[in-house]
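Just below is one structure, and these are the notes that go with it.
Numbering (my numbering), first residue to last: 4 to 151.
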């Protein structure tokens, strides 16, 4: 399933904000570049998990594969930042960060794009992929009914 992709620019180089791509997390980051949200899935109980882990927190299984998540979920919690704690985001104020509970269960912290609305707990959201400089992509979300 391909999701909307937004190109994002920064006034300061954001290279240090993202973790390095490793053999363990590459399927997650590569999936975003391809327009897909890939999460670890336990081969024993089939639960998806995020962040990545060597064992399943639900059943203790150590075998996993990578499954595509739908990219749909609900706002579990959120905060609107009016002060920049990182200079890379100073020109984005105010901005919203949400804890999104995916329909599949895992929760992700992510930027809510088109943050002019007031989110609410339980609000349906959908995945939007932000392409950062140098080709890195991050998972963000927007209201399910929002136009991009």
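For glycine and all other residues, C-beta sits at the position ideal for the given N, C-alpha and C.
- In this structure, residue 30 places its C-beta atom within 8 Å of the C-beta atom of residue 69.
- Annotation note: the region 24-98 contains the following uninterrupted beta strand (DSSP E) runs of length 3 or greater, listed N- to C-terminal: 40-45, 67-72, 75-84.
- Secondary structure note for residue 114: its beta strand (DSSP E) is the uninterrupted segment 110-115.
- Shortest Cα-Cα distance from residue 115 to any of 89, 78, 106 involves 78.
- For residue 91 and residue 18, the gap between their C-alpha atoms comes out near 10 Å.
- Taking C-beta atoms as the reference points, residue 75 and residue 99 fail to come closer than 8 Å.
- Straight across, the Cα-Cα distance linking residue 58 with residue 64 is about 6 Å.
- By the Cβ criterion, the region 33-46 is in contact with the region 125-143, since at least three pairs of Cβ atoms, one from each stretch, lie closer than 8 Å.
- When C-alpha distances from residue 9 are compared across 123, 111, 132, 20, the shortest belongs to 132.
- When rounded, the separation of the alpha-carbon atoms in residue 54 and residue 28 is 9 Å.
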